[in-house]
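Residue numbers (our numbering), protein chains in the order written: chain A, 27 to 691; chain B, 124 to 507.
Beta carbons: idealized from backbone N, C-alpha and C, even for Gly.
Remember, it's a predicted structure, so these values are computed and weren't measured experimentally.
Structure, as structure tokens:
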């Protein structure tokens with residue numbers, strides 16, 4: 027300190043004191059704002075310019091059993107404007123019109139509305155508005171959105187259903203599994219600047235959308251297309267009102283094709299008749315006629331009320347039962363049970379039914395699944411009609427045994443024949459193989475399920491043999507395929523119209539399966555009101571069966587004429603006729619489609635960085651260890667030879683670096 | 124003795140370090156605060172529009188600082204009257220040029236080609252030098268009204284009036300305040316000062332009542348509800364930004380307020396952005412840095428042997444901290460909006476250059492300190 031300074035010292039201290047007090051004051055104030063009132067004030071700040079924008083999930087897709095997509099989501103564009111913010115409305119209208127081809131006056135009208143926001147175009151595909159996307163006119167708001175698209179158009183349309191303009195399923199599987207297909211919307215917080223532009227930032231909170239689950243059906247697109255084509259052709263040929271078709275794998279109850287003609291294009295559900303949208307295979311019942319005779323035959327064989335060699339007098343084609351005259355299509359004399367079925371003699375069947383009695387006929391009807399819903403994963407299933415015995419009239423025994431007075435759905439009929447084909451097991455029909463959530467979990471799957479065992483394998487074998495004779499020499503010869511043993515039964519039912527059975531309107535149907543010794547496919551064909559001549563099951567429906575089956579046999583190598591030795595007795599253990607595809611190195615490819623890009627994703631790829639345990643059973647030790655090592659898993663093994671067991675199970679998601687145990691023998 | 128002189132003649136390194144820290148920190152914050160504004164104004168071409176300009180000004184300012192650091196401040200004493208004269212001339216010139224141009228906006232800038240100079244900034248430094256020189260020359264006469272106090276008040280008054288008529292009431296007030304504090308330190312009688320203060324305050328009040336924008340600012344401060352939302356908007360945004368920062372801040376570059384919410388985030392309200400991005404830690408740090416510089420200024424005054432150096436050092440230090448604190452007080456809504464910059468941090472050419480130049484003078488004063496009571500450098504004792 028200098029001598030000179032001393033003069034100023036006291037006043038300097040005073041001023042310094044003031045400065046320090048100010049400093050303290052400011053610090054306290056800052057503490058108050060930044061710490062004490064911080065939350066309240068920053069909430070006020072958050073409210074401004076922070077916008078929560080929804081993130082739409084991608085709708086899950088539906089695939090056939092070979093993972094061919096039956097649905098797609100393609101990008102559509104919507105164009106809107108805030109009319110008040112458009113200066114040159116005419117120019118914009120002309121620009122839009124030049125691109126989309128719509129009259130510019132339409133646009134001008136919308137542009138001149140007083141609403142704050144109007145859509146000028148909604149859901150245009152890229153090709154329809156390329157110009158607008160490249161040279162975006164000022165003020166035009168473009169919304170990008172994905173929309174459902176059905177690439178195969180009419181194929182399986184009734185099964186898939188369709189969506190409304192907001193991509194909500196309103197029919198078919200789209201509706202039934204809408205909650206799983208839609209996924210969960212997410213959101214993102216966007217920060218808008220003081221001028222209302224969004225600011226690109228990555229650290230804002232967001233919740234990613236969870237895409238919808240993908241559904242893998244048991245349907246086979248090729249089968250479906252063949253069935254649909256042949257049905258359509260026959261409808262055209264026979265002037266039928268409609269036709270239904272169904273292909274089932276009898277061993278596991280999988281629905282391979284399910285079709286109703288006429289059909290519709292789910293991309294444009296508004297076009298065509300509303301009734302075309304109905305999946306009549308499950309929603310409509312009809313009186314089956316002779317195809318129902320197997321119920322009587324089954325009952326008689328199972329209860330041993332009739333022997334195979336016992337002959338029945340078919341009364342030369344005319345028989346009075348309960349005061350009503352029953353006629354055959356041809357005059358038959360003495361026939362055994364197999365011959366009765368082979369020739370579809372009504373009188374013979376009634377006589378067999380008489381040995382069985384109403385309650386047993388009812389029991390076997392019930393056992394074969396008639397009159398009860400099959401509980402297939404399709405909404406609006408009809409349970410059919412099968413009255414209780416105490417409601418039967420005296421005539422009912424005869425009528426029911428002939429397939430009248432009962433209503434069945436095409437599906438019920440198919441499942442009943444599948445039970446004959448697989449040796450007596452009534453299966454639950456499966457349509458949805460599995461539903462896979464966006465993160466790869468199986469959230470729903472339908473495993474082969476036996477509802478009941480109806481009869482012994484021998485009885486069913488006998489019945490199948492009889493059905494083979496129907497096709498070989500009986501009424502169903504038009505369903506025969508060279509080199510294949512086909513079992514089947516024709517049905518010709520008069521339609522019950524206005525209180526009596528019509529003589530002109532028939533339902534022509536045929537149910538068959540092949541190969542008879544190792545049935546892999548059951549196919550039902552139903553024609554509604556075909557032209558007279560085609561009204562016979564053997565003439566209207568049976569040829570469709572043959573053509574469909576021939577095409578499938580030619581196309582699909584997995585349908586074998588002879589029984590492969592590995593097929594076991596119990597249908598529960600029978601694998602899908604289409605085994606999962608394998609990669610060359612032996613790792614199983616998960617057939618599940620995880621992404622919406624319709625790619626088959628290898629299990630080798632990990633979910634959330636965690637590997638999925640592959641199938642290593644059957645591999646050599648070296649192969650199994652290499653595969654597991656690739657996935658970052660360690661291996662503990664016992665024994666030698668081939669892997670016979672593994673832990674954890676295939677498909678389990680395991681942590682990185684986990685130790686897996688495998689046993690070899 | 125010459126050896127001793129070399130040792131003693133060391134500028135205040137502590138002060139220089141503080142200035143550098145403040146400058147660097149300020150530049151970083153300025154970039155952060157102005158980047159969005161720059162993008163917005165240049166149509167997303169660049170985010171360094173303001174940073175580039177600021178760096179050039181810093182360069183000019185630092186050059187001035189080093190120039191004055193090496194320039195013997197005692198010469199300023201002899202030129203003080205001329206310097207003031209030039210400043211007053213420039214103030215008048217500015218006003219006249221604006222009148223000739225028919226420019227109705229406040230006449231604060233003198234345009235020299237592409238460079239614009241805020242003449243009131245020059246006037247402030249000139250006045251500080253002038254007052255210091257006056258007190259040095261008149262010594263005890265400052266206590267007398269005639270020939271002492273009145274004379275200096277006349278000089279101060281003319282400068283202040285010229286700034287008032289620009290109009291720039293905030294700068295005028297702050298210059299008046301700095302002058303008063305310097306006169307007070309220089310030993311002027313409290314009685315004289317109080318009388319002058321009373322007159323000044325009433326005169327200022329009259330002017331305020333006649334100036335629409337000033338009235339609105341005051342009303343905004345006193346009763347925010349009485350004025351429209353647009354008037355409280357800025358200060359609200361400022362408080363929100365500060366509050367967003369909390370204790371640790373959102374991190375550099377993460378301010379939301381600078382996203383065009385807070386008007387002038389890079390000039391008057393940069394302190395709010397500092398608060399948002401670096402939190403309470405950052406705001407207290409900046410204020411403390413100013414206190415440190417102020418303390419160094421007083422230390423330099425203490426060690427100066429002549430009244431000119433002492434008063435000049437005190438004036439410069441006080442001027443700097445007054446600007447800083449008033450700016451902080453505005454940002455925290457403790458005083459009405461003034462439009463005063465945060466020294467060395469805010470974007471604004473003249474302010475940065477003049478503050479750096481004045482710090483250069485302060486550093487030069489520190490070079491010529493002569494201690495009578497202080498402890499001789501310990502290194503001298505060990506090695507000498």
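Endpoints, the beta strand (DSSP E) within which residue i is located
i                      : result
residue 269 of chain A : 268-275
residue 317 of chain A : Premise fails: residue 317 of chain A is in no beta strand (DSSP E) and is neither H nor E.
residue 102 of chain A : 98-107
residue 337 of chain A : 337-339
Closest Cα partner of residue i within the set the options
i                      : options                    : result
residue 462 of chain B : B/406, B/258, B/144, B/229 : B/229
residue 487 of chain A : A/510, A/525, A/447        : A/447
residue 374 of chain B : B/151, B/330, B/217, B/196 : B/151
residue 445 of chain B : A/560, A/44, A/60, A/288   : A/44
residue 60 of chain A  : B/371, B/440, B/199        : B/371
residue 450 of chain B : A/158, A/655, A/56         : A/56
residue 162 of chain A : A/184, A/149, A/134, A/105 : A/105
residue 511 of chain A : A/528, A/232, A/452, A/492 : A/492
residue 394 of chain A : A/575, A/131, A/442        : A/442
residue 425 of chain A : A/563, A/314, A/357        : A/314
residue 503 of chain A : A/563, A/437, A/302, A/409 : A/563
Where residue i meets chain A, residues with beta-carbon distance less than 7 Å
i                      : result
residue 367 of chain B : 68, 71
residue 417 of chain B : 45
residue 403 of chain B : 56, 57, 60, 61
residue 410 of chain B : 49, 52, 53
residue 362 of chain B : 59, 67
Chain-ordered chain C contacts of residue i [CB-CB under 7 Å]
i                     : result
residue 48 of chain A : Looking at the structure shown, chain C is missing, and the protein chains on hand are A and B.
Contacts that residue i makes with chain B (C-beta to C-beta distance below 8 Å)
i                      : result
residue 30 of chain A  : 427, 428, 429, 430, 433
residue 670 of chain A : Result: empty, since nearest Cβ-Cβ is about 58 Å, beyond 8 Å.
residue 708 of chain A : Residue 708 of chain A lies beyond the residue range present for chain A, which begins at 27 and ends at 691; the question has no answer from this structure.
residue 290 of chain A : Per Cβ cutoff of 8 Å: no residues; residue 290 of chain A is ~50 Å from chain B at best.
residue 41 of chain A  : 304, 307, 308, 437, 441
Euclidean distance between Cα positions of residue i and residue j
i                      : j                      : result
residue 545 of chain A : residue 167 of chain A : 59 Å
residue 499 of chain A : residue 520 of chain A : 24 Å
residue 205 of chain A : residue 403 of chain A : 14 Å
residue 437 of chain B : residue 365 of chain B : 31 Å
residue 467 of chain A : residue 550 of chain A : 35 Å
residue 355 of chain A : residue 102 of chain A : 59 Å
residue 673 of chain A : residue 686 of chain A : 6 Å
residue 573 of chain A : residue 383 of chain A : 38 Å
residue 477 of chain B : residue 233 of chain B : 15 Å
residue 278 of chain A : residue 509 of chain A : 25 Å
residue 625 of chain A : residue 87 of chain A  : The predicted model places residue 625 of chain A with a pLDDT of 34, which falls under 50 and marks its position as unreliable, so this point remains unresolved.
Proximal chain A residues relative to residue i, where beta-carbon distance stays under 9 Å
i                      : result
residue 310 of chain B : 33, 34, 37
residue 455 of chain B : 52, 55, 56, 58, 59
residue 452 of chain B : 48, 51, 52, 55
residue 398 of chain B : 56, 59, 60
residue 390 of chain B : None at all; the shortest Cβ gap to chain A is about 16 Å.
Limits of the alpha helix (DSSP H) - the one that residue i falls within
i                      : result
residue 254 of chain A : 247-264
residue 397 of chain B : 393-425
residue 438 of chain B : 430-454
residue 247 of chain B : 242-261
residue 175 of chain B : 172-193
Cross-chain neighbours of residue i in chain B, by beta carbon under 7 Å
i                     : result
residue 64 of chain A : 366, 369
Taking three-plus beta-carbon pairs below 8 Å as touching, is the segment 313-322 of chain A in contact with the segment 422-432 of chain A? yes
Can at least three beta-carbon pairs, one atom from the segment 116-135 of chain A and one from the segment 62-71 of chain A, be found at a separation below 8 Å? no
Does the segment 458-477 of chain A come within contact of the segment 487-497 of chain A, defined as at least 3 CB pairs closer than 8 Å? no
Assess, as a yes-or-no matter, whether the segment 107-114 of chain A is touched by the segment 182-195 of chain A under the definition of 3 or more beta carbon pairs within less than 8 Å. no
Touching or not, the segment 168-177 of chain B and the segment 135-142 of chain B, by the rule of three or more beta carbon pairs under 8 Å? The answer is no - the segment 135-142 of chain B does not touch the segment 168-177 of chain B, with fewer than three Cβ pairs under 8 Å.
With contact counted as at least three CB pairs below 8 Å, one residue from each stretch, are the segment 481-491 of chain B and the segment 181-199 of chain B in contact? yes
Can you find at least 3 beta carbon pairs, one from the segment 356-364 of chain A and one from the segment 333-345 of chain A, that sit closer than 8 Å? Touching, yes, given that three or more Cβ pairs across the two stretches are closer than 8 Å.
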